[in-house]
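When you line the sequence shown up against UniProt numbering, it's residues 1 to 137, in that order. The block underneath contains the structure these notes are about, expressed in structure tokens.
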Amino acid sequence: MDTAPIIAELGVTVLEIYKEIDYCMVSKVLYEGDVHILKISTLDISSQIEILKRVNDVIPSPRIIKSGTHAGTSYVIMTYADGVCMEDYKGDLGPGVMSDLYDYVRLMHSIVEMPKDENAVTHDMYATVAAGKNASH
Numbered sequence: 001m002d003t004a005p006i007i008a009e010l011g012v013t014v015l016e017i018y019k020e021i022d023y024c025m026v027s028k029v030l031y032e033g034d035v036h037i038l039k040i041s042t043l044d045i046s047s048q049i050e051i052l053k054r055v056n057d058v059i060p061s062p063r064i065i066k067s068g069t070h071a072g073t074s075y076v077i078m079t080y081a082d083g084v085c086m087e088d089y090k091g092d093l094g095p096g097v098m099s100d101l102y103d104y105v106r107l108m109h110s111i112v113e114m115p116k117d118e119n120a121v122t123h124d125m126y127a128t129v130a131a132g133k134n135a136s137h
């Protein structure tokens with residue numbers, strides 16, 4: 001994946017690349033004088049962007065600064081949140097815990113519309129994941 005055209009178009013300076021695989025790059029960048037995260041992907045990341053926008057007022061999460069597409073490749077610039085990437089916990093947590101965490105993240109990414117009642121989101125998320133886990137055991 002050639003990320004150079006998007007990086008040039010956005011005018012960002014790449015400070016550190018966190019992840020680079022054939023369909024996605026995530027990096028820490030300098031954009032308009034502030035440190036942010038840039039995600040570039042050949043996959044459609046519009047649902048992830050929409051979810052972040054919707055949950056910003058409900059849970060602490062990165063804010064979307066800018067998003068769009070360039071020649072069929074999606075990108076999003078979001079605020080930088082200091083912390084540890086979930087991948088870094090792989091060695092410390094058992095495979096079952098990591099699997100549960102990944103399931104929760106996938107579930108968050110799959111939410112199309114958020115109910116007006118924040119408690120319903122929490123309840124539905126846990127109920128859906130719990131039902132899926134119980135069905136597989």
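The C-beta atom is built at its ideal place from N, Cα and C for all residues, glycine as well. Since the model is a prediction, treat every value here as computed from it, not as a measurement.
Distance, residue j Cα to residue i Cα
i      : j      : result
Thr3   : Ile40  : 7 Å
Val55  : Tyr102 : 18 Å
Ile17  : Asp92  : 23 Å
Ala120 : Ser67  : Caution applies to Ala120, whose pLDDT of 46 falls short of 50 and renders its modelled position unreliable; the model cannot decide the point.
Gly94  : Asp88  : 13 Å
Gly96  : Met86  : 14 Å
Ile64  : Ala71  : 21 Å
Ile7   : Asp44  : 18 Å
Met25  : Lys19  : 5 Å
Ile21  : Asp57  : 31 Å
Contact check, residue i vs residue j, beta carbons under 8 Å
i     : j     : result
Leu52 : Ser61 : yes
Ile37 : Met98 : no
Tyr31 : Val12 : yes
Thr69 : Thr42 : no
Ile59 : Val76 : no
Helix, strand or coil at residue i according to DSSP, with G and I counted as helix
i      : result
Gly94  : coil
Asn134 : With a pLDDT of 49 at Asn134, under the threshold of 50, the predicted position of this residue should be treated as unreliable, though the coordinate-derived value follows. If DSSP states are grouped into helix, strand and coil, Asn134 belongs with the helices.
Asp100 : helix
Met108 : helix
Any C-beta of chain C under 8 Å from that of residue i
i      : result
Leu107 : Annotation note: the requested chain C is absent from the structure, which comprises a single protein chain.
At 3 residues or longer, and completely inside the region 14-88: list those beta strand (DSSP E) runs for me, N to C.
24-31, 34-41, 64-70 and 73-79
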